[in-house]
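Numbering (this note's numbering), first residue to last: 10 to 415.
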């Protein structure tokens, strides 16, 4: 079983990367927010002043690595994002398998995630969100492995947890939104240690035992200190490029600027939208590859979350997925950011593809002689294909091969 899961994860990565890379050079010029991040990557490579100091440096550094390898062209700008998208899908498959112990449901979650439109669009544009979600998902894979895997010695369990903390720190070094998922992981750890004393479920007791094997102090270090260190170290290449000292004072100054910038900047009101409108959005974001969530996954996922809520607190997978979705969505209701944009829904929307298989576990195995999972995957594939020509920037007449939005 372990070999099949590993081979499948590798195949998922290769196939999705092939899909993301096909035609990735279109458009040939930067579009949407690409210009500010590509310009920052150019500055990193040239040792020039940072034109985008209002964001953490890691995502721009990854774009710069792609440009160093493939040149200052569309392939160079976007290759890192495509690789990150493929790694995200691999992590989604592995994480769902860890949670559900079901190969078919994990593959279902993986396929629905691939077809949710967000992953495809964000993997083909030189922006920060795809890197945020990649590190976030691998952090969840590592944390869940610490809880799930039996037979690990204490040292290996601690090392995997350190890896999880590192991933969450790197997620925050792409966008500060990574703190939402890290917060849920910290809260889940605390609940498992403090509340699980009264629980008698085998799974919860096993999780608590594994966390106690790690130890409270190593757990705190891994989920609090390690992310801070990982986050801070990503500033070293930036300081070196700018010929500025890599000191605590310099780090505080740079991050204080980020905070003040987002408090003061109004953003582009013409394309902004309130976070609560994202859930049932049907109008594509035309400036960003006609991005609109796949309604089968977006709306089916919301319905699935209702099923998850019915088992909240009684089943760890449902509780965790619902909490992760809520944290990554509702934080936009309290953030001091002046403007919010539809693509900000990307991290939260990724969990909808996992919520659906969770709900399917509570439904009959067959409906009208067919598996509900097959029906949902087929429907999501049809919607994805309808959106594909515009998302992939195909030339006329192929851009409207399956119809066009008005």
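Yeah, the Cβ is synthetic: ideal placement off N, Cα and C, and Gly gets one too.
Only a predicted model underlies this, so the values are computations on that prediction, with no experimental measurement involved.
Q) To the nearest angstrom, how far is it from the Cα of residue 369 to the Cα of residue 164? A) Distance between the alpha carbons of residue 369 and residue 164: 37 angstroms.
(Q) Assuming residue 148 and residue 180 are in contact, meaning their beta carbons sit under 8 angstroms apart, how far apart are those beta carbons, in whole angstroms? (A) Contact flag correct, Cβ pair sits at about 6 angstroms.
Q) From residue 351 to residue 358, what distance separates their C-alpha atoms? A) Going by C-alpha positions, residue 351 is about 11 angstroms away from residue 358.
Q. How far does the alpha helix (DSSP H) with residue 262 in it reach, from first residue to last?
A. That run of the alpha helix (DSSP H) goes 257-273.
Q | Inter-stretch contact (C-beta, 8 angstroms, three-pair minimum) for the stretch 124-139 and the stretch 79-98 | A | Counting Cβ pairs under 8 angstroms, three or more are found: they touch.
Q | Cα-Cα separation between residue 13 and residue 292, rounded to whole angstroms | A | Here the alpha carbons of residue 292 and residue 13 stand approximately 40 angstroms from one another.
Q | Three-state secondary structure (DSSP) of residue 242 | A | In this structure, residue 242 counts as helix in the three-state DSSP scheme.
Q: Verify whether the separation of the beta carbon atoms of residue 284 and residue 243 is less than 8 angstroms.
A: Taking a C-beta distance under 8 angstroms as the contact criterion, residue 284 and residue 243 do not qualify as a contact pair.
Q.
Within 8 angstroms, do at least three Cβ pairs link the stretch 65-72 to the stretch 105-121?
A. The answer is no - the stretch 65-72 does not touch the stretch 105-121, with fewer than three Cβ pairs under 8 angstroms.
Q) What's the gap between the Cα of residue 38 and the Cα of residue 158? A) Roughly 46 angstroms separates the two Cα atoms.
Q | Buried or exposed (CB count within 10 angstroms, at least 16 for buried), residue 184 | A | Buried.
(Q) With a threshold of 7 angstroms on Cβ separation, who are the neighbours of residue 422 within its own chain once the five nearest residues in sequence on each side are excluded? (A) The structure shown does not extend to residue 422, since the chain is modelled only from 10 through 415, so no value can be given for it.
Q) Can you tell which of 366, 235 and 190 has the C-alpha that lies nearest to the C-alpha of residue 383? A) Among 366, 235 and 190, the Cα nearest to that of residue 383 belongs to 366.
Q: Use the C-beta contact count for residue 43: other C-beta atoms within 10 angstroms, 16 or more gives buried, fewer gives exposed.
A: Flag for residue 43 reads buried.
Q. Does the beta-carbon distance from residue 141 to residue 306 come in below 8 angstroms?
A. No, the pair does not count as a contact, with Cβ atoms beyond the cut-off.
Q. Using CA coordinates, which residue listed in 20, 301, 334 and 162 is at the minimum distance from residue 362?
A. Ranking the options by Cα distance to residue 362, first place goes to 334.
Q. Would you call the CB atoms of residue 314 and residue 364 closer than 8 angstroms?
A. Closer than 8 angstroms, so yes.
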